[in-house]
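These protein sequence lines are chains A and B, in that order.
In terms of the working numbering, the first sequence is residues 83 to 493.
In terms of the working numbering, the second sequence is residues 83 to 493.
Heads up, the beta-carbon is just placed ideally off N, CA and C, and yes, glycines get one too.
One structure is given here, and the rest of the page talks about it.
Protein chains: 2
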Amino acid sequence: MQTPWENRFAQRTQRMKSSAIRELLKLTEMPDVISFAGGLPAPDVFPVDEFKAACEKVLRDYGAQALQYGSTEGYTPLREMICRHTARQGLNITPDNILITSGSQQALDLIGKVFINSGDRILTEAPTYLGALQAWNVYGAEYVTVPLDDDGMITDQLEGALRSGPKFIYALPNFHNPAGVTMSLERRHHLIALADQYGVPIIEDDPYGQLRFEGEDLPSLTVVDNTFRGDAENNYRGNVIYLSTFSKTLAPGLRLAWVIAPVEVIRKLVQAKQGADLHTSTFVQMVAYEVAHGGFLDRHIQTIQKVYSERRDNMLDALAEFFPAGVTWTHPKGGLFLWSTLPEGFKSRDAFVRAVEKKVAFVPGGSFFPLGGGENTMRLNFSFPTPENTRLGIERLGWVLREMISEQNKP
Amino acid sequence: MQTPWENRFAQRTQRMKSSAIRELLKLTEMPDVISFAGGLPAPDVFPVDEFKAACEKVLRDYGAQALQYGSTEGYTPLREMICRHTARQGLNITPDNILITSGSQQALDLIGKVFINSGDRILTEAPTYLGALQAWNVYGAEYVTVPLDDDGMITDQLEGALRSGPKFIYALPNFHNPAGVTMSLERRHHLIALADQYGVPIIEDDPYGQLRFEGEDLPSLTVVDNTFRGDAENNYRGNVIYLSTFSKTLAPGLRLAWVIAPVEVIRKLVQAKQGADLHTSTFVQMVAYEVAHGGFLDRHIQTIQKVYSERRDNMLDALAEFFPAGVTWTHPKGGLFLWSTLPEGFKSRDAFVRAVEKKVAFVPGGSFFPLGGGENTMRLNFSFPTPENTRLGIERLGWVLREMISEQNKP
């Protein structure tokens, strides 16, 4: 029986599908499946004791404030702390340049709400972050794409896409989700110069930037842009909106992230957020501030870097040992993900079906391509599974791939 | 200097204005203003000690789960608890009928995203909740309205509005925001019958329903609807989407609320929420569950009822003592708000300007009318100010109104 609601869904959501990533996450809940499918931080590194102390302090000293409604912009000491961290990365901003959001996913949604008219083209990397597509599809976004290689977005192929008049460029320069690659400094400069030349602004999504465990930090696109325009003022007025999050450094269960943007963009995003959820939990913001400030976050990030670096190395070793010839993978210098490519003609969705039978899961890479393609690719998460499980899971996945390749080679 | 972003705002947000309510809330931050403008719970009744104990327990026993990503639908024990509470109110549902949201404001936004196409008419009461208009304006909603009296929506005037083909009806049956009135049982039945006859579904917004301090609880529209269609099944499949929240019973700083709806509506709202913020903070959900379950919430609501009842009486006494003849007000039987009407021809916005000079604030009622009108009305919040401040603030407001009336009466 139909309820009266069913013929009333809006056009924008009539074809809305449950996110592949969210559905796959459900597999991680089956205890006997080794899952490389999620994007979950290692729970081992959650600073539980620090959270306990912070909750105690916040409720003891500021209980009435922490449990009350707060401002849409966000808790001021938290925004001031983000300003200090951003200054260390080479960009001077004020709290007026910052909006606290309920996770970066909300920042993507608010950006869609504020900027995307139905039919607008968005320029993304291919592959790109699935959550951005999911946020923007409901606003009627269409896509043009530029491919990636080991140095990130291939900016030499950018001009054709820019000539199609995109509303903005969406880029993940550091430890790309899903591809695990990092945009070289030279390409960052090239991207900023071309974006300026064509008058097309940029969304820089940087959830993993602090999680580098190899090589030197590269300046964010925001910093490169600010240097490019020689703007010495103490608030950012440039071409880039920057997104980052506490999900990968403190804990994703907080749903706590931030946007850095020119003041008039923040103002518009604030208005959109008023209608979307009034403000992000005051209590969560105050607790996160208590945990993070005064140097703890810096020390804690070093712990995470160490753990994730070991887990990446462990996965790389297992891949070298168990994956068959002809299968390749990226060598991420940070972040949570690694990207593997099967020989031409093999479909990672077929591998996925067989893998789940063998109690191991990953995300087939095709989902990350807005215009199709990448059928022979897969995303592997190395932050969440234990080292022992990673070794076992990659061994199982190796069997599946060997089996597929040997079937293919049979007469 | 314009940044590249400014000429790129989407049509839907080009005329988006900062919410009047949010701007007015800023007045409450000026320490010497007595504000009846906000909709803030009394911080005196926040169960701070229970929150402390709950944080301690959740982090000790479930730290890794509480700080990790969770399911979009929400924390299962919390949804099961809501099922038990809903059963006591006369409606049997399952957790599949429930979505946990980041405050009721997010529920309103998701409903707009899932149901409203640009140009759709929404049928609201006049006056109605401003946050709903703010959430739905960005999706291009237009409005038809039905007036209220002391028994709530005047359902005798509903058919004309229903004939205009609204997408849905939006109603606040209990302790209306802003009007403070409650829909009579007879009108609840009339509304449900007419909605069924015209095939128009209903959003029932019920943030204050548990905060009744006078008279008997009335069945929710959801319960009346379920009885009307004689549906005995254990999951709700009817005509009403029901919204409620922990903001007024536990604490608004959590940003924690829920939607009850037919399963296929929940499924669509879940998909919209995946793109909007992935899920509501796991930590907040688990802490709220620890505080609320096992009978504490029931006992705590009795405390709130007692405090708010006294504050309402205190405001009613002050109004009787200090407001001039010709000004009337509602007698709310619960909730947070009272609604006052000035004599015809007086503008409450003029009174507001003078009131702020005298360090007292309220919300001019005109903002709550989607199609204009109500220029001589005002909303007064009685939950937040202390009894002493309420008395002093109403005295000041009385001066302002007397002054305006006596100027009017001069030759």
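Requested in this report: Pull up the DSSP beta-bridge partners for aspartate 287/A, would you.
Outcome: Numbered from 1 along the first sequence, position 205 holds the residue referred to as residue 287/A. Aspartate 287/A pairs with Leu325/A.
Query raised in the report: Would you call the region 245-264 of chain A and the region 409-420 of chain A in contact, with 3 or more CB pairs under 8 Å?
Result: yes
Query - Contact belief for isoleucine 164/B with isoleucine 348/B at Cβ below 8 Å, rounded distance in angstroms - result: On the second sequence, position 82 is the one that residue 164/B refers to. On the second sequence, position 266 is the one that residue 348/B refers to. Isoleucine 164/B to isoleucine 348/B, Cβ: 13 Å. No contact.
Query raised in the report: Between the Cα of valine 352/A and the Cα atoms of Thr95/B, Thr309/B, Arg90/B, Asp231/B, which residue gives the shortest distance?
Result: As a working mapping, residue 352/A is identified with position 270 in the first sequence. Residue Thr95/B is the option with its Cα nearest to valine 352/A.
Report task. Compute the Euclidean distance between the alpha carbons of aspartate 278/B and lysine 330/A, then round it to the nearest angstrom. Result -> Residue mapping note: residue 278/B aligns to position 196 of the second sequence, counting from 1. Residue mapping note: residue 330/A aligns to position 248 of the first sequence, counting from 1. Aspartate 278/B and lysine 330/A: Cα-Cα distance of roughly 49 Å.
Requested in this report: Tell me, please, whether the region 370-388 of chain A touches the region 110-119 of chain A by the rule of three or more beta-carbon pairs shorter than 8 Å.
Outcome: no
Report task. Find the nearest neighbour of arginine 170/B within the set Pro301/B, Leu215/B, Trp87/B, judged by alpha-carbon distance. Result -> Translated into positions along the second sequence, residue 170/B becomes position 88. Ranking Pro301/B, Leu215/B, Trp87/B by Cα distance to arginine 170/B puts Pro301/B first.
Query raised in the report: Given that a residue counts as buried once 16 or more other Cβ atoms are within 10 Å of its Cβ, and exposed if not, what is lysine 195/A?
Result: The residue given as residue 195/A occupies position 113 in the first sequence. Buried, since its Cβ has 16 or more Cβ neighbours within 10 Å.
Report task. Please list the partners that lysine 350/A has in chain B, where partner means a Cβ-to-Cβ separation under 8 Å. Result -> In the first sequence, residue 350/A corresponds to position 268, counting from 1. Those are Phe91, Thr95, Met98, listed as they occur along chain B.
Query - Continuous alpha helix (DSSP H) assignments of at least 4 residues falling wholly in the region 295-325 of chain A - result: 303-310
Query raised in the report: At a cut of 8 Å, does the region 301-315 of chain B reach the region 260-276 of chain B through at least three beta carbon pairs?
Result: yes
Report task. Starting from the Cα of aspartate 395/B, find the closest Cα among Leu240/B, Thr210/B, Arg473/B, Val369/B and give me that residue. Result -> Here residue 395/B refers to the residue found at position 313 of the second sequence. Answer by Cα proximity: Arg473/B.
**Report entry** Contact set for histidine 361/A: own chain, Cβ-Cβ below 6 Å, skip 5 residues either direction
**Finding:** The residue given as residue 361/A occupies position 279 in the first sequence. Excluding positions up to five away in sequence, the list reads Gly152, Thr154.
Query - Uninterrupted alpha helix (DSSP H) stretches inside the region 208-265 of chain B (no shorter than 4 residues) - result: 212-219, 240-245
Report task. Count the C-beta pairs between the region 291-300 of chain B and the region 212-227 of chain B that are closer than 8 Å, then say yes if the count reaches three, no if not. Result -> no
Report task. Determine whether the Cβ of threonine 459/B lies closer than 9 Å to any Cβ atom of chain A. Result -> In the second sequence, the residue the question calls residue 459/B occupies position 377. Not closer than 9 Å to any Cβ of chain A, the Cβ of threonine 459/B fails to qualify, so no.
Query raised in the report: Roughly how far, in whole angstroms, is the beta-carbon of valine 409/B from the beta-carbon of serine 422/B, given that I think they are within contact range, below 8 Å?
Result: Working through the second sequence from its first residue, we reach residue 409/B at position 327. Working through the second sequence from its first residue, we reach residue 422/B at position 340. Yes, valine 409/B and serine 422/B are in contact; Cβ-Cβ is about 6 Å, under 8 Å.
Query raised in the report: Do you know how far the Cα of phenylalanine 451/A is from the Cα of alanine 124/B?
Result: Here residue 124/B corresponds to residue number 42 of the second sequence, with the count starting at 1. Here residue 451/A corresponds to residue number 369 of the first sequence, with the count starting at 1. Alanine 124/B and phenylalanine 451/A: Cα-Cα distance of roughly 50 Å.
**Report entry** glutamate 286/B beta carbon near the ligand ADP (any heavy atom closer than 8 Å)
**Finding:** Summarising the ligand content, the structure contains no ligands, and the ligand ADP is consequently not present.
Query raised in the report: So, do the region 327-342 of chain B and the region 182-194 of chain B have three or more beta carbon pairs nearer to each other than 8 Å?
Result: yes
**Report entry** Chain-ordered neighbours of isoleucine 198/A on chain B, where CB pairs are closer than 8 Å
**Finding:** Locating residue 198/A in the first sequence gives position 116, where the first residue counts as 1. Chain B residues near isoleucine 198/A: Ala92.
Requested in this report: Go through its chain and collect everything with a Cβ distance to glycine 185/B's Cβ below 6 Å, but skip five positions before and after it.
Outcome: Counted from its first residue, the second sequence places residue 185/B at position 103. Result list for glycine 185/B: Arg337, Ala339, in chain order.
Query raised in the report: What residue does the alpha helix (DSSP H) around serine 465/A start on, and which one ends it?
Result: Residue numbering aside, residue 465/A sits at position 383 when the first sequence is read from its first letter. First-last for serine 465/A: undefined, no H or E at that position.
Query raised in the report: Between the region 310-328 of chain A and chain B, which residues of the former have CB atoms less than 8 Å from a CB of the latter, in chain order?
Result: Arg319, Gly320, Asn321, Ile323
Query raised in the report: What residues of chain A sit near alanine 358/B, judged by a beta carbon separation below 8 Å?
Result: One-based indexing of the second sequence puts residue 358/B at position 276. What alanine 358/B touches in chain A: Gln187, Gln188, Asp191, Ala217, Ala358.
Requested in this report: Closer than 7 Å by beta-carbon distance: list the chain B residues that pair up with serine 184/A, in chain order.
Outcome: Position 102 of the first sequence, counted from the first residue, corresponds to residue 184/A. Chain B residues near serine 184/A: Ser184, Asp359.
**Report entry** tryptophan 340/B - containing alpha helix (DSSP H), residue span
**Finding:** The count along the second sequence starts at 1 and reaches residue 340/B at position 258. No alpha helix (DSSP H) contains tryptophan 340/B, which is instead part of the beta strand (DSSP E) from 339-342.
Report task. Could you round the C-beta distance between isoleucine 274/B and phenylalanine 310/B to whole angstroms and report it? I think they count as a contact, below 8 Å. Result -> Residue numbering aside, residue 274/B sits at position 192 when the second sequence is read from its first letter. Residue numbering aside, residue 310/B sits at position 228 when the second sequence is read from its first letter. At roughly 5 Å, the Cβ-Cβ gap stays under 8 Å, so isoleucine 274/B and phenylalanine 310/B are in contact.
Query raised in the report: Rounded to a whole number of angstroms, what is the C-alpha to C-alpha distance between arginine 203/A and methionine 460/A?
Result: The residue given as residue 203/A occupies position 121 in the first sequence. The residue given as residue 460/A occupies position 378 in the first sequence. Roughly 26 Å between the two C-alpha positions.
Report task. Could you confirm whether any beta carbon from chain B is found closer than 9 Å to the beta carbon of glutamate 138/A? Result -> By one-based count along the first sequence, residue 138/A stands at place 56. Closer than 9 Å to some Cβ of chain B, the Cβ of glutamate 138/A qualifies, so yes.
**Report entry** 7 Å Cβ shell around glutamate 241/B - same chain, five flanking residues per side excluded
**Finding:** On the second sequence, position 159 is the one that residue 241/B refers to. Same-chain partners within the cutoff: Leu276.
Query raised in the report: What does glycine 247/B reach in chain A if we use C-beta pairs closer than 9 Å?
Result: Taking the first residue of the second sequence as 1, we reach residue 247/B at position 165. By Cβ distance, chain A contributes nothing, its closest Cβ being about 11 Å from glycine 247/B, past 9 Å.
Requested in this report: Measure from the alpha carbon of glutamate 457/A to the alpha carbon of each residue in Phe466/A, Val442/A, Phe428/A, then state which is nearest.
Outcome: Here residue 457/A refers to the residue found at position 375 when the first sequence is read from its first residue. Nearest of Phe466/A, Val442/A, Phe428/A to glutamate 457/A, Cα basis: Phe428/A.
Query - Inter-residue Cα distance where the pair is glycine 312/B and glycine 320/B - result: Looking up residue 312/B in the second sequence gives position 230. Looking up residue 320/B in the second sequence gives position 238. Straight-line Cα distance between these residues: approximately 10 Å.
Requested in this report: Can you have a look at alanine 261/B and say buried or exposed, based on whether 16 or more other CB atoms are within 10 angstroms of its CB?
Outcome: Taking the second sequence and counting its residues from 1, the one referred to as residue 261/B is at position 179. Counting Cβ neighbours within 10 Å, alanine 261/B comes out buried, since at least 16 surround it.
Report task. Taking all protein chains shown into account, decide if leucine 453/A is buried (16 or more other Cβ within 10 angstroms of its Cβ) or exposed. Result -> Working through the first sequence from its first residue, we reach residue 453/A at position 371. Burial call: exposed.
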